[in-house]
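Scroll down for the structure; my scribbles are underneath it.
In this note's numbering, the protein residues as written are 86 to 372.
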């Protein structure tokens, strides 16, 4: 039996008037009368006595009302509790701009299908995200790195290769791959020093006895590729950026350095939350 019919019956019994009940539950008088009639046909007994002044429950109607009313109240209570539980399944997930555009969306959709709502918070650097985690303003974060405070639950998701982006016509643009040491004398276009990829590039060059030469430092809100296309220099970006790169004025060249990678990790202040979200982001679930 349709639950709507039971609700209509209860409201009619309370209001003692089909007109008032139909207005309260926002259906037509005719539709309400039909629902009551279907109930009466189903049970094989009249549930209301009709009169010019309204309706009154019959003996059968009183029995049904007495038994049904607490059940519907319990059902309503269950619905409210389940909605509250669903509301608790909303998590604030921090991430980086380079991951937010392509890596995060399909994972977010998969989580949503299982009743997990992810509120995405984007910050420019992993340290910025770590600060929000420490303050409890994020439930979890997907960021660069493998070393975190002991009070953070964390797990590695995957390693991501770094690529050199060169303007078309650059002497290295025809190479199948290059070492960072080979392009160290080139003018680089990079984000500020706290950028994780910039730190990685500088570290590799420093280990090789080379110095990173940043010709153009741009704000995080600006687009590195556009500057390279305009001839400002070369840059280094992660694989997630390369996958969706479609600019005829630049060339993508793999870096041969084995350590030219960044490690992407899932970090949370709660082991329960971390493990819950991990199934959506674990290796093998990266598409």
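Positions of the beta carbon are idealized from the N, C-alpha and C atoms, including for glycine.
The three-state secondary structure of residue 249, taken from DSSP, is strand. For residue 198, the uninterrupted alpha helix (DSSP H) run begins and ends at 189 to 198, by DSSP. Your pair residue 314 and residue 252 checks out as a contact, with CB atoms roughly 7 Å apart and the cut at 8 Å. Listed in chain order, the non-local C-beta contacts of residue 264 below 8 Å within the same chain comprise 340, 341, 342, local neighbours out to five positions each way being set aside.
Fewer than three Cβ pairs drawn from the region 146 to 160 and the region 111 to 118 lie within less than 8 Å of each other, which leaves the two stretches out of contact.
Counting C-beta atoms within 10 angstroms of its own C-beta, residue 224 has 16 or more neighbours from the protein chains shown and is therefore classed as buried. Taking a contact to require three or more Cβ pairs closer than 8 Å, the region 354 to 367 and the region 193 to 204 qualify as touching.
Inter-residue distance for residue 246 and residue 220 is about 31 Å (C-alpha atoms, whole angstroms). Between the alpha carbons of residue 348 and residue 243 lies a distance of about 6 Å.
In terms of Cα proximity to residue 279, the closest of 212, 138, 94, 195 is 212. For residue 286, the enclosing alpha helix (DSSP H) covers residues 281 to 292. When rounded, the separation of the alpha-carbon atoms in residue 354 and residue 91 is 46 Å.
According to the DSSP assignment, residue 215 belongs to the alpha helix (DSSP H) that extends over 211 to 219. Where residue 352 is concerned, the enclosing beta strand (DSSP E) starts and stops at 346 to 353.
A distance below 8 Å between beta-carbons, with the five flanking residues on each side excluded, links residue 128 to the following residues of its chain, in chain order: 145, 149. Residue 300 and residue 318 do touch by the CB rule: their CB atoms are close to 5 Å apart, below 8 Å.
Sequence-distant partners of residue 310 (beyond 5 residues in either direction) whose C-beta falls short of 7 Å from its own C-beta, in its chain, are 250, 330, 332, 335. If the five residues before and after residue 209 are omitted, its C-beta is found closer than 6 Å to the C-beta atoms of 305, all from its own chain and listed in chain order. Contact between residue 132 and residue 142 holds, since their C-beta atoms are separated by about 7 Å, short of 8 Å. Residue 179 is classed as buried because its beta carbon has at least 16 other beta carbons within 10 Å across all chains shown. With a threshold of 16 other beta carbon atoms within 10 Å, residue 192 meets it and is buried.
Residue 295 has its alpha-carbon roughly 9 Å from the corresponding atom of residue 288.
The residues 249, 257, 319, in chain order, have a CB closer than 7 Å to that of residue 268 in the same chain once the five nearest residues on each side in sequence are set aside.
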